[in-house]
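Working notes, structure below.
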DNA sequence: GACAAATATTGTGCATGCAATTTTGAAATC
DNA sequence: GATTTCAAAATTGCATGCACAATATTTGTC
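Chains as they are written, first to last, in the working numbering: chain A, 6 to 228; chain B, 6 to 228.
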């Protein structure tokens, strides 16, 4: 059997979070403690502790004595989350411009180059995966784990709403060109430009989301 | 009896957090579940749930199967937290410049004016209290509850390390003048300047902290 | 006397059970 | 037929107990 070093609570928190992010648990779903305990083959205690943890990330809503539900997000709150993520990413880019090491800068350039090929091949899958890596480089490059954590948590939380971000025609090339602007500013050590470029880049993603809006019905049917 | 609407878990989380922030529970202290349960007159279950919650804010460290301790912070981590808070505050100021309502702008001006009197009277207590209000105005003014929450949480977490921030001579006047710069940029709707001015302002606070550094011994004795 | 191994003890992780609150459903009234 | 009232069911909050892992202590050996 796999070396089971993490506690049931942690494993549960991860699995429930995944189920929410990949859409198996829709927003508004009641998270009955008995039901979850039965589904994952444990008692209610670790389920309760996992729910508390998820509640702090905002993924679920915990109402005292009234149980937990998968967080329902209004389009207004979604907008707020996207803005917050954009600002955090921009801040990470700003700090990256100031404090990335030469090795980190080289990695950034290499990744950006390899992504150019994916654009040419129109390989959406590969690009989407590499895109996460690209942004993660700035989290790390900020050399500030606190901000990096916040940004990563938000990105994860918004994942369900970004699935189709590269579907629209021309998105890949546009994204790559935006990446280039951010990268050049960071490599030049220009903090203000890096901030502005990243903010502009993530705003585009937000726009892409809005074009796909009215998602509740669409997402439900997608199950 | 007081209307006890919140659960024991929530109340416990609050009380333990307060104890950590006001210094009753020193960094490194082991948080024995039985001990806490006895001290607060409950069973271990709500204590455990409260500890999980505090762990996500970073106030305590939860090591699987090895119990919880009040987070020990290295000066490096503290630096990271101060930088993160500075960036978040600067971001809130930036957004405030873009989206504060006329009413919020008027309140900002009024508070800043009233703080001038406190500087003249050298009323450190009043100024410290008003200072929190001043910064809180930007959290609200960002019109982004997600960012506002993050900033407020960080400010709270750093509170123990900022107690003496206005002690040094001339600090009050300096702080007030910095506030003025931030305020003017925000009122002028100059996002970039607001960002820069706030970043500069909170960096000063960080410097003030560093002058008081080597805090472990000093803080212990202060109990 | 120092170090290693074995044992005892403490403390966490989790299961289970009970009390109290919330929710649901049905009956009764308007 | 709609609405209110009340009781039953379901569900959460919390307490308690047990098993196992981690730590402390003791014992034995070099």
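Virtual Cβ for every residue (Gly too), placed ideally from N, Cα, C.
Asked: Interface flag, residue 156(A) vs chain B, CB-CB below 8 angstroms; Found: no
Asked: Residue 174(B): contacting residues in chain A (beta-carbon distance under 7 angstroms); Found: Near residue 174(B) there are no residues of chain A at all, since even the closest Cβ is about 32 angstroms away, more than 7 angstroms.
Asked: Inter-stretch contact at 8 angstroms, needing at least 3 Cβ pairs: the region 83-91 of chain B / the region 146-166 of chain B; Found: yes
Asked: Cβ pair residue 19(B), residue 103(B) closer than 8 angstroms; Found: no
Asked: Test: residue 170(A) CB closer than 8 angstroms to a CB of chain B; Found: no
Asked: Proximity test, Cβ basis, 8 angstroms: residue 68(A) and chain B; Found: no
Asked: Cβ-based contacts, 7 angstroms cut-off: residues of the region 82-101 of chain A near chain B; Found: 85, 86, 88, 89, 92 and 96
Asked: Residues of the region 26-57 of chain B whose Cβ lies closer than 8 angstroms to any Cβ of chain A, in chain order; Found: 50, 53, 54 and 57
Asked: Beta-carbon gap between residue 35(B) and residue 54(A) smaller than 8 angstroms; Found: no
Asked: Burial state of residue 107(A) (16 or more Cβ within 10 Å); Found: exposed
Asked: Proximity test, Cβ basis, 8 angstroms: residue 9(A) and chain B; Found: Because the pLDDT at residue 9(A) is just 47, under 50, the model does not fix this residue reliably, and the value given afterwards should be weighed accordingly. It does not: the Cβ of residue 9(A) has no partner Cβ on chain B nearer than 8 angstroms.
Asked: Proximal residues of chain B, C-beta to C-beta of residue 149(A) below 7 angstroms; Found: 85, 88 and 89
Asked: Candidates 136(A), 49(A), 155(A) and 135(A): closest to residue 72(A) by CA position; Found: 49(A)
Asked: Same chain only: Cβ atoms within 7 angstroms of residue 33(A), ignoring 5 sequence neighbours per side; Found: 74, 75 and 77
Asked: Buried/exposed call for residue 17(A), threshold 16 Cβ in 10 Å; Found: buried
Asked: Which residues DSSP lists as bridging residue 67(A), in chain order; Found: 73(A)
Asked: Interface flag, residue 227(A) vs chain B, CB-CB below 8 angstroms; Found: Residue confidence is low: residue 227(A) scores 38 on pLDDT, short of 50, so the model does not pin down where it sits. Its coordinate-derived value is still stated next. Not an interface residue.
Asked: Where residue 35(B) falls: helix, strand or coil (DSSP); Found: strand
Asked: Own chain residues within Cβ distance below 6 angstroms of residue 60(A), not counting five before or after; Found: 67
Asked: Closer than 8 angstroms to chain A by CB, residue 64(B); Found: no
Asked: Through-space distance from residue 190(A) to residue 109(A), alpha-carbon basis; Found: 14 angstroms
Asked: Distance CB(residue 135(A))-CB(residue 155(A)) smaller than 8 angstroms; Found: no
Asked: Minimum C-alpha distance to residue 179(B) - residue among 152(B), 207(B), 153(B) and 45(B); Found: 207(B)
Asked: Integer Cβ distance of residue 101(B) from residue 199(B), believed to fall under 8 angstroms; Found: 7 angstroms
Asked: Residue range of the alpha helix (DSSP H) that includes residue 149(A); Found: Note, residue 149(A): premise wrong, no alpha helix (DSSP H); not H, not E.
Asked: CB contact check: residue 152(A) to chain B, cutoff 8 angstroms; Found: yes
Asked: Limits of the alpha helix (DSSP H) - the one that residue 195(B) falls within; Found: Counting along the chain, residue 195(B) falls outside any alpha helix (DSSP H), and DSSP gives it neither H nor E.
Asked: Residue 153(B) burial status per 10 Å Cβ neighbour count (16 or more: buried); Found: buried
Asked: Proximity winner among 51(A), 31(A) and 151(A), relative to residue 39(A) (alpha-carbon distances); Found: 51(A)
Asked: C-beta neighbour in chain A for residue 141(B), strict 8 angstroms; Found: no
Asked: N- and C-terminal bounds of the alpha helix (DSSP H) containing residue 118(A); Found: 107-126
Asked: Residue 209(A): CB within 7 angstroms of a non-hydrogen atom of the ligand ATP; Found: As far as ligands go, the structure on display features none, and thus does not contain the ligand ATP.
Asked: Nearest neighbour of residue 11(B), chosen from 47(A), 69(A), 205(A) and 148(A) [CA to CA]; Found: 69(A)
Asked: Rounded separation between residue 92(B) and residue 47(A) - CA only; Found: 42 angstroms
Asked: Contact set between residue 61(B) and chain A, taken where Cβ atoms lie within less than 7 angstroms; Found: 58 and 61
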